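First residue of the sequence shown: -8, per the numbering used here; consecutive thereafter.
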Amino acid sequence: MLNTATKTEAADAPQELTDGFHLVIDALKLNGLNTVYGVPGIPITDLGRMMQAEGLRVLSFRHEQNAGYAAAIAGFLTKKPGICLTVSAPGFLNGLTALAHATTNCFPMILVSGSSEREIVDLQQGDYEEMDQLAVAKPLCKAAFRVLHAADIGIAFARAIRAAVSGRPGGVYLDLPAKLFGQVMNADAGQKSLVKVTDPAPAQIPAPSAVKRALDVLKSAKRPLIILGKGAAYAQADDAIKSFVEKSGAPFLPMSMAKGLLPDLHPQCAGAARSTVLKDADVVMLIGARLNWLLSHGKGKTWGEAPKKFIQVDIEPKEMDSNVEIAAPLVGDIGSCVAALLDAMGGSWPAPPADWLNSVKAKRDDNVAKMAPRLMNNNSPMDYHGALGVLRTIIKERPDAILVNEGANTLDLARGVIDMHQPRKRLDVGTWGVMGIGMGTAIAAAVETGKPVLCVEGDSAFGFSGMEVETICRYDLPICIVIFNNNGIYRGTDVNSAGSDPAPTVFVKGSRYDKMMEAFGGVGVNATSPDELKRAVNAAMDSGKPTLINAVIDPAAGSESGRIGNLNPQSVLKKK
Ligand SMILES: Cc1ncc(C[n+]2csc(CCOP(=O)(O)OP(=O)(O)O)c2C)c(N)n1
Ligand SMILES: [Mg+2]
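Now the structure itself:
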C-alpha cells in the first residue's frame, strides 16, 4: 500500500506521494518477504513501526547478532532471503557477524542497515554513528549495494534478492542512508519503480555428459559412499534425493544439518559407522557438501590409505578440486542434478557389492549396540549420554519438532546421539562452529515453520544469546531450551594454578539459568536427573510455553573442545 500524503502546493489535483520508507516496505512485500528480524534505533525506528502497520511481521531483538542469525536460518529454511534490519555503525557491525556466517554457510540473507549522512561520513567529519559501512561489508558478503535515490529502492532490492538466492546462496548487504527514507516521489512512479523478481534462483541444469561421467564413476565403485551436505537439505528436493540414494543402494552419511534428509534410522544410513566408511570407501559422492575441515579436506588419516575417486554435485563450479581432485564434477543446482541423475540411471541400477554393505551394517550395528546402555543411564548429576538419551526419545516421538543445537560436547554428542527423522529439522552452528546462533535460530525456526523447537545448548553457548529469552517470552514462542549446565566451557573443573581468578573455562558453579526464563514470565525448571529432564521437556513441548530447563550435568563429564580437541595448537613449553 502506498502512502496517501498529498502535495498541497500542486497546481491541479493533489498528487499522491510515496517516500523511501514506504518504497522499502512495498519492495519487500511485493517479493513475498514478510518477516523482518532486527533492532530499532536511528534511522530505522519508524521504518519498523510502519512495516508493522503495513502487515509485515517485525521481530525486535535485544542484540543485532541474534536477529542476524535468525535471518540467516530463515533463509536456509525458506529459500528466500532472511531480512535483518539494523541501525548504523555499531548495530550494523553487530549484524555483520551473522551476515558473514550466512555467506560462509551459503544461506540467503539480506542485512539492511540504516547509515549516516554520506556527505559527512565521506569527509570523515564525525557524524552520529559514522562509518563507511558499504566498504566494511563488501569483503564479508556475496554482494553489497548502497541506495541513494528513492527511485532506486525497487531495483536495489531486486539486485539484493537475486544476489542472495541465485547460484550459491549467501549474504547480501544493503546500505540505506538516513536521508533516503524521507525522500518523496510520485506514488505512481514509485509503484512503477518496484520490481517483482521473476525466477530469482533460476535452475542450473547440469550438462548431460557430466551426469553420465558421474554415473560411470559411481557404477565403477566397489565401496560407494554418498555424503549429503546442508546444500542438499537447502535444495528442498527431498523426494528426489531419497529416491536417488535408495536407487544407488550406497551407504550415505549426512553432514550435521543434512541429518533427517533421509531418516537417520534408514537402513542405508552410515552415520554410526562414519570413520569406517570414510576410510574404506573407494568412490565418494558429495551432494551439496564441501570438502572443508568438517570432512578433513578429503585427505589424510580420516580418509585412510585406499585410493578414492570423488564425484561432487554442487552449484558452484569453483568448489571443484578445492582440496582434492574431483574425478566427476557435476555442476548445477542440486534439484536439477539429482533429477538428471535419476533419469539417466534408467530402470535398473546394480546394487553395490554385498560385502561392502554388510561390513558397513556390521560396524553400524556394533556402534549402536555399544552406545545403547550409556543412553539409558539415570545418573544424577547427569552425564551427557544420560541426558541425550532422553532427548533422543523425545525427538523420535515428536519428529516434526525442530532441534537447535550448539556447544562443544553438547553439540558433538547431541549430533551423534539424537536421530533426526525429517529434513531440515536440525539447525546448528554450521561451517564455522560458531557459538551464539542458539536463540536467534530457535526464534526464526519457530516463526518460520510454526513448529515446536527444542534448543539444546551448552551453558557457554547459551550465554552468547541468552538475553533473547525475553524475546521468546515477548512473542510467546513454542521454544523449550535445555541448557547442559556443566559449569563451564568443555568442563567445569579447571583450576587456575597461578592465582585467585577462576580459570578461563569455568563459570559460577551451580548457576540457575532457569531463573532467567522465570524473570520474563516463562517456565523455568531445574532438572537433576534424566527422569526429571524427560518430564520437563515433554511438558514444555505439550504446552508450547517458553521454557528453560537447567539440566545439571556432571562438571567433569566433558572433554576439551568436544570432538575436535585435535585442532588445538600445542605448546612444547607448556608446564605439566
Ligand atoms: C563465537 C565463538 N566464540 C568462541 C568459540 C569457542 N568455543 C567453542 S565451543 C565453546 C563453548 C563450549 O562450552 P559449552 O557451550 O558449555 O559446551 P560444553 O562443551 O561445556 O558442553 C566456545 C566458547 C566459538 N566456537 N565461537
Ligand atoms: Mg558447558
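Even glycine gets a Cβ: it sits at the ideal position worked out from N, Cα and C.
These figures come from a predicted structure and were not determined experimentally.
Pull up the DSSP beta-bridge partners for residue 305, would you.
Along the sequence shown, one-based indexing puts residue 305 at 314. 322.
At which residues does the beta strand (DSSP E) containing residue 95 begin and terminate?
Along the sequence shown, read from residue 1 onward, the residue named residue 95 stands at position 104. That residue, residue 95, is in no beta strand (DSSP E); its alpha helix (DSSP H) goes 80 to 96.
Supposed close pair residue 272, residue 214 - CB separation, criterion 8 angstroms
The residue labelled residue 272 in the question sits at position 281 within the sequence shown. The residue labelled residue 214 in the question sits at position 223 within the sequence shown. Their Cβ separation, rounded to whole angstroms, is 5 angstroms, which keeps residue 272 and residue 214 in contact under 8 angstroms.
Nearest-angstrom Cα distance between residue 337 and residue 534?
Looking up residue 337 in the sequence shown gives position 346. Looking up residue 534 in the sequence shown gives position 543. So the two alpha carbons sit approximately 49 angstroms from each other.
Buried or exposed: where does residue 284 fall if 16 or more other Cβ atoms within 10 Å of its Cβ makes it buried?
What you label residue 284 is simply residue 293 of the sequence shown in a count that begins at 1. That one is exposed.
Looking at the structure shown, is residue 375 part of a helix, part of a strand, or coil, going by DSSP?
Counting from one through the sequence shown, the residue named residue 375 turns up at place 384. Helix, per DSSP.
DSSP puts residue 176 in a beta bridge; with which residues?
Here residue 176 is taken as the residue at index 185 of the sequence shown, counted from 1. Note: residue 176 sits in a beta bridge opposite 9.
Around the Cβ of residue 375, are there at least 16 other Cβ atoms within 10 angstroms (buried) or fewer (exposed)?
By one-based count along the sequence shown, residue 375 stands at place 384. Residue 375 counts as buried, since no fewer than 16 other beta carbons sit within 10 angstroms of its beta carbon.
Measuring only the C-alpha atoms, how far is residue 177 from residue 90?
Working through the sequence shown from its first residue, we reach residue 177 at position 186. Working through the sequence shown from its first residue, we reach residue 90 at position 99. Between residue 177 and residue 90, the C-alpha separation is close to 34 angstroms.
Check whether the Cβ atoms of residue 468 and residue 437 lie closer than 8 angstroms to each other.
Start at 1 with the first residue of the sequence shown, and residue 468 comes out as number 477. Start at 1 with the first residue of the sequence shown, and residue 437 comes out as number 446. Their beta carbons are under 8 angstroms apart, which means residue 468 touches residue 437 by this criterion.
Sorry if obvious, but does the Cβ on residue 477 come closer than 7 angstroms to a heavy atom of ligand 2?
The count along the sequence shown starts at 1 and reaches residue 477 at position 486. Yes, Cβ of residue 477 sits closer than 7 angstroms to a heavy atom of ligand 2.
Inter-residue Cα distance where the pair is residue 156 and residue 86
Translated into positions along the sequence shown, residue 156 becomes position 165. Translated into positions along the sequence shown, residue 86 becomes position 95. Their backbone Cα atoms lie some 19 angstroms apart in a straight line.
Please confirm whether any heavy atom of ligand 1 lies closer than 7 angstroms to the CB of residue 428.
As a position in the sequence shown, residue 428 is number 437, starting the count at 1. False, no ligand heavy atom lies under 7 angstroms from that Cβ.
Is the distance from the Cβ of residue 464 to the Cβ of residue 421 below 8 angstroms?
Numbered from its first residue, the sequence shown carries residue 464 at position 473. Numbered from its first residue, the sequence shown carries residue 421 at position 430. It is not a contact, given that the beta carbons lie outside the stated cut-off.
Stretch pair the segment 69 to 83 + the segment 135 to 142: three plus CB contacts closer than 8 angstroms:
no
Take the Cβ of residue 562 as the centre, count every other Cβ of all protein chains shown within 10 Å, and call the residue buried at 16 or more, exposed below.
Numbered from its first residue, the sequence shown carries residue 562 at position 571. The residue is exposed, with fewer than 16 neighbouring Cβ atoms inside 10 Å.
Does the Cβ-Cβ distance between residue 165 and residue 17 come in under 8 angstroms?
To locate residue 165, count along the sequence shown from 1; it is residue 174. To locate residue 17, count along the sequence shown from 1; it is residue 26. Their beta carbons are not under 8 angstroms apart, which means residue 165 does not touch residue 17 by this criterion.
Would the segment 535 to 546 and the segment 505 to 522 be scored as touching if the rule is three or more Cβ pairs under 8 angstroms?
yes
How is residue 466 classed by DSSP in three states: helix, strand or coil?
For the purposes of this step, residue 466 is taken as residue 475 along the sequence shown, with counting starting at 1. Residue 466 falls in the coil class under three-state DSSP.
Put residue 25 into one of helix, strand or coil per three-state DSSP.
By 1-based counting over the sequence shown, the position of residue 25 is 34. Three-state DSSP puts residue 25 in coil, outside helix and strand.
Whether residue 231 touches residue 329 by CB criterion (8 angstroms):
The residue labelled residue 231 in the question sits at position 240 within the sequence shown. The residue labelled residue 329 in the question sits at position 338 within the sequence shown. Contact: yes.
On the CB-based measure, 16 or more other CB atoms within 10 Å of its CB, does residue 278 come out buried or exposed?
Stepping through the sequence shown from its first residue, residue 278 is reached at position 287. When all chains shown are included, residue 278 counts as buried.
Straight-line gap, residue 385 to residue 366 (C-alpha atoms, nearest Å)
In the sequence shown, counting from the first residue as 1, residue 385 sits at position 394. In the sequence shown, counting from the first residue as 1, residue 366 sits at position 375. Between residue 385 and residue 366, the C-alpha separation is close to 13 angstroms.
Can you find a heavy atom of ligand 1 that lies under 7 angstroms from the Cβ of residue 324?
In the sequence shown, counting from the first residue as 1, residue 324 sits at position 333. No, ligand 1 has no heavy atom inside 7 angstroms of this Cβ.
Spatial neighbours of residue 35 in its chain, beta-carbon cut-off 7 angstroms, leaving aside the 5 residues before and after:
Locating residue 35 in the sequence shown gives position 44, counting from the first residue. Cβ within range, chain order: 76, 78 and 105.
Less than 8 angstroms between the C-beta atoms of residue 444 and residue 395, yes or no?
Residue 444 sits at position 453 when you count from the first residue of the sequence shown. Residue 395 sits at position 404 when you count from the first residue of the sequence shown. Contact flag set, yes.
From 100, 492, 259 and 167, pick the residue whose C-alpha is nearest to that of residue 33; which is it?
Along the sequence shown, one-based indexing puts residue 33 at 42. Closest by alpha carbon: 167.
According to DSSP, which residues form a beta bridge with residue 278?
Numbered from its first residue, the sequence shown carries residue 278 at position 287. Answer is 219 and 304, bridged to residue 278.
Among all the DSSP beta bridges, which residues are the ones paired with residue 541?
Taking the first residue of the sequence shown as position 1, residue 541 is located at position 550. Residue 541 is bridged to 474 and 517.
How many Å lie between residue 44 and residue 80 at the Cα?
Residue mapping note: residue 44 aligns to position 53 of the sequence shown, counting from 1. Residue mapping note: residue 80 aligns to position 89 of the sequence shown, counting from 1. For residue 44 and residue 80, the distance between alpha carbons rounds to 27 angstroms.
Just to confirm, are residue 485 and residue 497 a CB contact at a threshold of 8 angstroms?
The residue given as residue 485 occupies position 494 in the sequence shown. The residue given as residue 497 occupies position 506 in the sequence shown. In contact: residue 485 and residue 497 (Cβ atoms closer than 8 angstroms).
Pairs of beta-carbons, one from the segment 246 to 256 and one from the segment 341 to 355, closer than 8 angstroms: are there three or more?
no
Ignore the nearest five residues each way along the sequence and tell me which others in residue 227's own chain have a CB closer than 7 angstroms to its CB.
Residue 227 sits at position 236 when you count from the first residue of the sequence shown. Here the set comprises 70.
How big is the Cα-Cα spacing for residue 147 and residue 53?
Within the sequence shown, numbered from 1, the residue matching residue 147 stands at position 156. Within the sequence shown, numbered from 1, the residue matching residue 53 stands at position 62. When rounded, the distance between both Cα atoms is 28 angstroms.
Here's the rule I'm using: 16 or more other beta-carbon atoms within 10 Å means buried, otherwise exposed. How should residue 116 be labelled?
Along the sequence shown, one-based indexing puts residue 116 at 125. Within a 10 Å sphere around the beta-carbon of residue 116 sit fewer than 16 other beta-carbons, which makes this residue exposed.
Whose CA, out of 370, 507, 243 and 257, lies closest to the CA of residue 269?
For the purposes of this step, residue 269 is taken as the residue at position 278 of the sequence shown. Among 370, 507, 243 and 257, the Cα nearest to that of residue 269 is on 243.
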